[in-house]
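Residue numbers (the working numbering): 1 to 159.
Virtual Cβ for every residue (Gly too), placed ideally from N, Cα, C.
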């Protein structure tokens, strides 16, 4: 069966591969954006982290859709959403840890993050992730519909 052959040759993307790819893409996006932060003096960190989150979510979800020829189903959307949000929390929490501060100071910083910024960020980033997972599916579906089916080109050439 062609579907089985595609799966065995690695052309499909699993949900765990999607989550790993998101973690790497989001981490690299955050690192690059914070390195460029000096050039964007008027930008807030929320704007930059949200832009990195949106770009990473769109990239990995669209690549999943293209490789698998379908969008994420409801169960996969929920699992991806929880995983993406967890990765986001961990990376945002790491932002508050200083490697040259004492353990007590780092615990205080994480406490301030958990009581101040975390609730707003959880809601805002959670909504962004959910919206852009669905948007990526819709974008990829349009691309897949626009692409001719395999073998169609040969039939058109023979006619």
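Exposure of residue i, with buried meaning 16 or more beta-carbon neighbours within 10 Å
i, result
"residue 103", "exposed"
"residue 16", "exposed"
"residue 18", "buried"
"residue 120", "exposed"
"residue 60", "buried"
Own chain, CB closer than 7 Å to residue i, minus 5 neighbours either side, in chain order
i, result
"residue 91", "26, 27 and 30"
"residue 14", "none"
Cβ-based neighbour list, residue i, same chain, cut-off 6 Å, excluding 5 preceding and 5 following
i, result
"residue 132", "54, 57 and 58"
"residue 143", "none"
"residue 33", "48 and 52"
Spatial distance of residue i from residue j (CA atoms)
i, j, result
"residue 7", "residue 116", "Its pLDDT being 46, under 50, residue 7 is placed unreliably in this model, and the coordinates cannot settle the point."
"residue 139", "residue 94", "32 Å"
"residue 66", "residue 114", "37 Å"
"residue 20", "residue 136", "17 Å"
"residue 127", "residue 147", "30 Å"
"residue 36", "residue 118", "24 Å"
"residue 22", "residue 68", "16 Å"
"residue 63", "residue 106", "37 Å"
"residue 71", "residue 129", "15 Å"
"residue 39", "residue 111", "30 Å"
"residue 12", "residue 145", "18 Å"
"residue 73", "residue 24", "23 Å"
Rounded distance between the beta-carbons of residue j and residue i, thought under 8 Å
i, j, result
"residue 88", "residue 134", "17 Å between Cβ atoms; not a contact."
Own chain residues within Cβ distance below 8 Å of residue i, not counting five before or after
i, result
"residue 83", "19 and 22"
"residue 85", "122, 125, 126 and 129"
"residue 141", "65 and 71"
How about the segment 43-50 and the segment 64-84: do they share at least three Cβ pairs that are nearer than 8 Å?
-> no
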